[in-house]
Structure formats: C-alpha cells, structure tokens
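> Residue numbers (my numbering), protein chains in the order written: chain A, 14 to 208; chain B, 14 to 208.
From the three backbone atoms N, C-alpha and C, an ideal C-beta is built for every residue, glycine too.
Following this message is one structure expressed as structure tokens.
Number of protein chains: 2
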Amino acid sequence: MRRDAELNRQRIVRAGREVFAVRGLQATLNDVAHHAGLGVGTVYRKFADKGALAEAVFAEELAEIAAWARDALAEEEAFDALADFLSRALERAVHNRGLRELMRQGALEGSGLARVRAEICQHCETLLARAGAQGALREGVTGADIAPIAAMIDAVMALPGECPSDLWRRYLTIVLDGLRAHPGQPPLPGAGDGG
Amino acid sequence: MRRDAELNRQRIVRAGREVFAVRGLQATLNDVAHHAGLGVGTVYRKFADKGALAEAVFAEELAEIAAWARDALAEEEAFDALADFLSRALERAVHNRGLRELMRQGALEGSGLARVRAEICQHCETLLARAGAQGALREGVTGADIAPIAAMIDAVMALPGECPSDLWRRYLTIVLDGLRAHPGQPPLPGAGDGG
DNA sequence: CAACAACTGGATAAAGCATATCCGCTTCGT
DNA sequence: ACGAAGCGGATATGCTTTATCCAGTTGTTG
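Below, the structure written as structure tokens:
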C-alpha cells in the first residue's frame with residue numbers, strides 16, 4: 014500500500030469518528046468523505062460499507078469500555094463498582110451520538126462490535142445481580158434493570174436544546190439511588206423482565 | 014357531503030388512530046388507507062396531508078389530557094397532583110406510539126396540537142414549581158426537570174422486546190421518589206436548565 | 001329509472017435519499 | 001519518465017414517501 018493511501022485511511026477513520034460522534038450512525042459515507050476532504054470513491058475503496066468504517070472507528074473505544082467493565086467485576090462492592098463504571102462509560106457517551114446508537118440494541122447487529130456490546134451488558138447485569146446478593150439492592154431489582162437505565166440516561170443525553178451537558182448525572186444519581194437498598198422503602202412496581 | 018363519504022371519513026380517522034398508535038407518526042397515509050380498507054386517493058381527498066389526519070386523530074385525546082393537567086392545578090398538594098397526572102397521562106401513552114411522538118418536542122410543530130402540547134408541559138412545570146414552593150421537592154429540582162423525566166419514561170416505553178408493559182411505572186416511581194424532598198438527602202448534581 | 005354529480009381506487013408520476021460504482025485523471029515510487 | 005496505485009465525484013441504482021389523476025363506480029335526486 015502506498016504511503017499516501019495509508020495516510021488517507023487514517024484521515025477517513027478520524028473523520029468518521031468526528032462525524033459519527035456528532036451526527037450519529039446514520040451519517041452517510043459521503044458525509045464522512047467530505048469531512049475528510051476526500052472523495053466518496055476513496056472511502057469506498059478502503060471500506061466496503063458504513064458498517065466496516067464504523068467497526069474501524071469504534072473498535073478501540075468499545076474495547077476500552079469493555080475493559081473497564083471487566084475491571085469492575087474485580088471490585089469488592091458490586092454496586093459501587095457498577096455506579097463508577099456507568100459514570101465513566103456514560104461520560105464517554107455524552108459526546109458521542111454514534112457510540113450511544115451503537116449501544117442501543119439493534120445497531121450493527123452482525124459485526125464484532127455487537128459482541129463487545131453484549132459483553133459489556135453482560136458484565137453490568139452480573140454486577141447488578143452480585144449487588145443484589147450482597148444486599149445492596151432494593152427488593153425486586155435485577156440485572157434486567159440495566160437496559161432500561163441505559164435507555165433512560167440515553168434519552169436525557171439525546172434531549173434537544175441547550176440543556177447542560179451534565180444533566181444526565183442528575184438522573185443517573187436519582188435512578189441509582191432508587192435502586193439502592195434503603196431502610197423501610199416501599200416495594201417497587203413492575204416486574205423487571207417478566208419474572 | 015354524501016352520506017357514504019362521511020362514513021369513510023370516520024373509517025379513516027379510526028384507522029389512523031390504530032395505525033399511528035402502533036406504528037407511530039411515520040406511518041404513511043397509504044398504510045392508513047389500506048388499514049381502513051380504502052384507496053389512498055380517498056384519504057387524500059379528505060385530508061390534505063399526514064398532519065391534517067394526525068390533527069383529526071389526536072385532537073380529542075390530547076385535549077382530554079390537557080384537561081387533566083388543568084384539573085391537577087386545582088389540587089392542594091402540587092407534587093401528588095403532578096404524580097397522579099403523570100401516571101394517568103403516561104398510562105395513555107404506553108399504548109400509543111403516535112401520541113408519544115407527538116409529545117416529544119418537534120413533531121407537528123405547526124399545528125394546533127403543538128399548542129395543546131405546550132399547554133400541558135406548561136401546567137406540569139407550574140405544578141413542579143409549586144411543589145417546590147410547598148417544600149415537597151428535593152433541593153435544586155425545578156420545572157425544567159419535567160422534560161427529561163418525560164423523555165426517560167418514554168425511552169423505557171420504547172424499549173424493544175418482551176418487557177412487561179408496566180415496567181415504566183417502576184421507573185416513574187423511582188424518579189418521582191428521587192425528586193421528592195427527604196430528610197438528610199445529598200445534593201443533586203446537574204443544573205436543570207442552566208440556573 | 002334515468003342522469004348526473006360526488007366519490008373511489010390504485011396505478012403511477014414526482015421527489016428525495018442513501019448506497020455503491022466506474023473510469024478519466026493525478027500522484028507516487030522506482 | 002513510466003506504470004501502477006490511488007483519487008474524485010458525477011452518476012446509476014434502488015428504495016421510500018408523497019401526492020395526483022382520471023376512468024370507473026356509487027349515491028342521490030327528480
């Protein structure tokens with residue numbers, strides 16, 4: 014491969030990172046090419062389709078987050094570990110619409126990215142279940158509560174307008190607080206995952 | 014207007030109600046026509062475009078919800094009134110994707126529906142502000158917290174898969190609980206609407 | 001039961017959008 | 001300076017939604 018071609022490849026990945034972060038996964042490869050200052054053909058020469066570029070763009074970042082999740086499994090207090098992990102991971106997600114879309118079920122279902130995503134979710138559910146075993150959870154809360162929590166915080170982040178960028182912390186705090194065991198709390202409605 | 018034409022009009026509105034409820038506002042008038050057992054032309058003869066049909070479909074329902082919000086303003090305990098109202102309104106929303114999309118900022122911006130939506134939001138914010146004045150709110154919570162709450166519960170409702178249909182109650186409970194004043198609670202991060 | 005206006009159906013035009021390709025031209029490396 | 005590798009971006013393709021049109025049907029009225 015020619016040296017300039019390799020350079021352009023990097024340019025494209027960088028452009029993809031920026032464009033996907035701002036406009037989400039529905040941005041076109043035309044968008045990315047333009048943002049990289051290159052032609053569409055150049056992008057298609059290097060990446061078969063959007064999925065391939067997305068994989069190149071998000072592989073590292075997702076793997077890093079997955080590593081955090083694995084590390085959290087080694088912590089003593091499962092609930093605190095989960096809370097810290099979520100805080101860190103969501104901090105990344107605020108500024109990255111593409112990453113958020115990737116974490117929502119359904120996106121890039123065929124790719125290796127989906128596997129990493131599944132691993133992260135699995136770790137979170139394990140942590141929550143372990144927190145339950147440690148008596149740190151409010152009655153009735155289970156690993157199945159992870160997906161709704163993520164969806165809710167994602168919704169806050171996706172809110173349009175001039176809301177402060179750390180608004181999501183407010184609600185993450187509220188929700189995690191609500192899942193924690195407290196003395197004399199009323200039962201929680203709803204069934205988690207049908208059980 | 015011929016009698017059969019009026020009958021078809023009603024059929025179309027009914028079909029629109031059902032189709033929008035299930036598939037959301039992005040369903041096409043073709044979808045609605047087919048579901049009504051009529052041709053597309055018939056639908057376009059009676060409604061200029063999707064917005065016009067949506068207005069006919071949702072006007073009553075939205076007005077009813079707005080009335081609930083007005084009634085809530087007359088209650089003594091603002092926080093409880095708000096909680097009851099949200100519970101009632103969201104109960105309607107679960108089974109109606111179109112209604113949910115309508116309540117999210119941005120949809121049908123030009124129509125009279127948008128005005129009603131704004132009125133409902135305004136009432137909610139008033140209630141929350143009043144609850145604050147009554148000392149029922151956790152420090153720092155304001156009327157601006159309404160939009161994020163709605164967005165979060167909406168996200169839970171939009172969750173794919175076989176989650177139980179009253180899962181949203183679980184999270185509404187958690188969030189409202191988190192907004193309520195409790196003795197000795199830590200401060201809430203985030204700034205609401207920047208203030 | 002005409003006879004006509006109102007109404008209907010749905011094929012299809014029009015427009016928009018994202019994806020992917022192709023090939024004449026440029027640039028690199030030797 | 002030559003050939004291979006790479007580039008650009010106009011454009012073909014395919015899909016989706018919106019909206020129209022008019023030949024044929026149906027209701028209504030006298």
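1) Answer with buried or exposed for E114(A), where buried requires no fewer than 16 other C-beta atoms within 10 angstroms of its C-beta.
2) Does V53(A) come within less than 8 Å of chain B when only Cβ atoms are used?
3) Just to confirm, are D167(B) and R117(B) a CB contact at a threshold of 8 Å?
4) So which residues of chain B does V169(A) contact, with C-beta pairs closer than 7 Å?
5) Beta carbon of H136(A), beta carbon of L66(A): below 8 Å?
6) Just to make sure I have the definition right: I need the residues of chain B whose C-beta is within less than 8 Å of the C-beta of D179(A). Which are they?
7) Within this structure, are the beta carbons of V26(B) and A164(A) separated by less than 8 Å?
8) I'd like to know whether the C-beta atoms of V45(B) and A28(B) end up nearer to each other than 8 Å.
9) For E47(A) and T41(A), what's the separation of their Cα atoms in angstroms?
10) Cα-Cα, which of A149(B), R24(B), P199(B) and A80(B) is closest to V56(B)?
11) With a cut-off of 8 Å, does the C-beta of I187(A) fall near any C-beta of chain B?
12) Considering only DSSP beta bridges, list what R182(A) is partnered with.
13) Whole angstroms is fine: what's the gap from G191(A)'s alpha carbon to D158(A)'s?
14) What is the residue span of the alpha helix (DSSP H) that V35(A) lies within?
15) Would you tell me roughly how many angstroms separate the C-alpha atoms of R15(A) and R22(A), rounded to the nearest one?
16) Who are the near neighbours of A142(B) in its chain, counting only those whose CB is closer than 6 Å to its CB and skipping five residues on each side?
17) In whole angstroms, what separates the C-alpha of N43(A) from that of F71(A)?
18) Flag P196(B) as yes if its beta-carbon sits less than 8 Å from any beta-carbon of chain A, otherwise no.
19) Pull up the distance between the alpha-carbon of A79(B) and that of G174(B), whole angstroms please.
20) Any Cβ of chain B within less than 8 Å of the Cβ of G191(A)?
21) So which of G203(B), A149(B) and Q198(B) has the shortest CA-CA distance to E90(B)?
22) For P3(A), count neighbouring Cβ atoms within 10 angstroms of its own Cβ and tell me buried if that reaches 16, exposed if not.
23) The segment 109–131 of chain A: which residues have C-beta closer than 8 Å to a C-beta of chain B, in chain order?
24) Is the distance from the Cβ of L75(B) to the Cβ of R130(B) below 8 Å?
25) Answer yes or no: do P196(B) and R183(A) have a C-beta to C-beta separation smaller than 8 Å?
26) Could you work out which residues of chain A lie near L141(B), taking near to mean beta carbons separated by less than 7 Å?
27) DSSP state of R117(A), grouped into three classes?
Put simply:
1) Per the 10 Å Cβ criterion, buried.
2) It does not: the Cβ of V53(A) has no partner Cβ on chain B nearer than 8 Å.
3) Closer than 8 Å, so yes.
4) Simply P161, A164 and M165.
5) H136(A) places its beta carbon 8 Å or farther from that of L66(A).
6) Within 8 Å Cβ-Cβ: P202, G203 and A204.
7) With respect to A164(A), V26(B) sits apart: the two C-beta atoms are not nearer than 8 Å.
8) Yes; because the gap between Cβ atoms is below 8 Å, this pair is in contact.
9) First, the residue type needs correcting, since residue 47(A) is His and not Glu in the sequence shown. If you take the alpha carbons of H47(A) and T41(A), they lie about 10 Å apart.
10) Measuring from the Cα of V56(B), the nearest candidate turns out to be R24(B).
11) So, interface residue.
12) R182(A) is not bridged to any residue.
13) Each residue's alpha carbon lies about 12 Å from the other.
14) First-last of the alpha helix (DSSP H) with V35(A): R16 to R36.
15) If you take the alpha carbons of R15(A) and R22(A), they lie about 11 Å apart.
16) G156.
17) Rounded to the nearest whole angstrom, the C-alpha separation of N43(A) and F71(A) is 19 Å.
18) No - not a single Cβ of chain A is within 8 Å of the one on P196(B).
19) Between the alpha carbons of A79(B) and G174(B) lies a distance of about 31 Å.
20) At a cut-off of 8 Å, the C-beta of G191(A) has a neighbouring C-beta in chain B.
21) Out of G203(B), A149(B) and Q198(B), A149(B) has the C-alpha closest to the C-alpha of E90(B).
22) Nothing in the structure corresponds to residue 3(A), since chain A is present only between 14 and 208.
23) When CB distances to chain B are screened at a threshold of 8 Å, the residues of the segment 109–131 of chain A falling below it are Q118 and G119, in chain order.
24) Inclusion of L75(B) and R130(B) in the CB contact set at 8 Å is warranted, their separation being smaller than that value.
25) Cβ distance not < 8 Å, so P196(B) and R183(A) don't count as in contact.
26) Correct list: empty, because the minimum Cβ distance to chain A is about 14 Å.
27) Assigned with DSSP and collapsed to three states, R117(A) falls in coil, not helix or strand.
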